[in-house]
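Below: the structure, in structure tokens.
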Amino acid sequence: MAHILAIDDDRAVLSTVKIALESAGHQVVLAEDGAKGLPLVQSKKFDLLIIDIFMPGMDGLETMNMVHQEHPDMPIIVMSGHEFRLVPDTAPDFLHMATKLGAVASLKKPFRSSELLNIVSQCLAKAQSSAVQAKPLRQPRCPD
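Numbering that gives the first Met the number 0 puts the sequence shown at residues 0 to 143.
The following block contains the structure:
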């Protein structure tokens, strides 16, 4: 199945993500913040990133920006226990900013394992479909 990196400062959330995704056959690597997650992204290939937006230190958007620079095609699922748009018209639209950095889906915490599995399945299928469509077709060779 897929090789997935999950980054969140909440160990209980990381545990839930790991148990749910491993039960579905995925390989899961965990990091407790962006600073710990970045070296993992740089040293291994992941099919999907699941990341909390609001974390102390290097937050999710900063981490996503760095990941997106190196892996612009990596799909990202953003999570948060907060509203993505905190106060209409005065706070940044975090979901819009995350989308610009590669987010393809969002997940509001707390979430059910079934929600997580459904979103992950959809994101992986969409990424695989895009990769297949992006492959250049071989040009037929004409005999000399």
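All C-beta atoms, glycine included, are put in the ideal place defined by N, C-alpha and C.
Nearest residue (CA-CA) to residue i, options the options
i	options	result
Asp-9	Ile-3, Lys-17, Met-73	Lys-17
Leu-60	Leu-123, Asp-7, Leu-115	Asp-7
Phe-45	Asp-58, Lys-35, Pro-74, Ala-19	Pro-74
Thr-98	Lys-35, Gln-121, His-67, Thr-15	His-67
Backbone CA spacing between residue i and residue j [nearest angstrom]
i	j	result
Phe-53	Met-63	12 Å
Ala-90	Lys-107	Any reading at Ala-90 needs caution, since the residue's pLDDT is 48, under 50, leaving its predicted position unreliable; the model's value is listed next. So the alpha carbons of these two residues sit roughly 18 Å apart.
Val-40	Pro-71	12 Å
Glu-69	Leu-100	11 Å
His-2	Met-96	25 Å
Leu-13	Ala-5	7 Å
Val-27	Asp-92	29 Å
Leu-48	Ser-113	18 Å
Ile-50	Ser-128	22 Å
Val-86	Pro-109	Reliability fails at Val-86, whose pLDDT of 44 lies under 50, so the model's placement of it is uncertain and the value that follows must be treated cautiously. Their Cα atoms are separated by approximately 20 Å.
Ser-42	Ala-30	14 Å
Ala-104	Leu-116	12 Å
Ala-102	Leu-37	16 Å
Met-65	His-25	24 Å
Leu-123	Ile-76	11 Å
Glu-21	Val-119	12 Å
The ligand SAH heavy atom lying under 7 Å from the CB of residue i
i	result
Asn-117	Among the components of this structure there are no ligands whatsoever, and the ligand SAH is therefore not found.
Cβ separation of residue i and residue j, assumed to be a contact under 8 Å, to the nearest whole Å
i	j	result
Gly-56	Gly-33	7 Å
Secondary structure of residue i, DSSP reduced to three states
i	result
Asp-95	Here residue 95 turns out to be His, not Asp, going by the sequence shown. Correct three-state label for His-95: helix.
Ile-3	strand
Met-65	helix
Lys-107	strand
Ile-49	strand
Ala-90	Bear in mind that a pLDDT of 48 at Ala-90, under 50, signals an unreliable position, so the number given afterwards is only what the model happens to contain. Coil at Ala-90, not helix or strand.
Lys-43	coil
Gly-59	helix
Ala-23	coil
Gly-80	coil
Paired residues, beta bridge with residue i - DSSP
i	result
Ala-30	Ile-6
Ala-102	Ile-75
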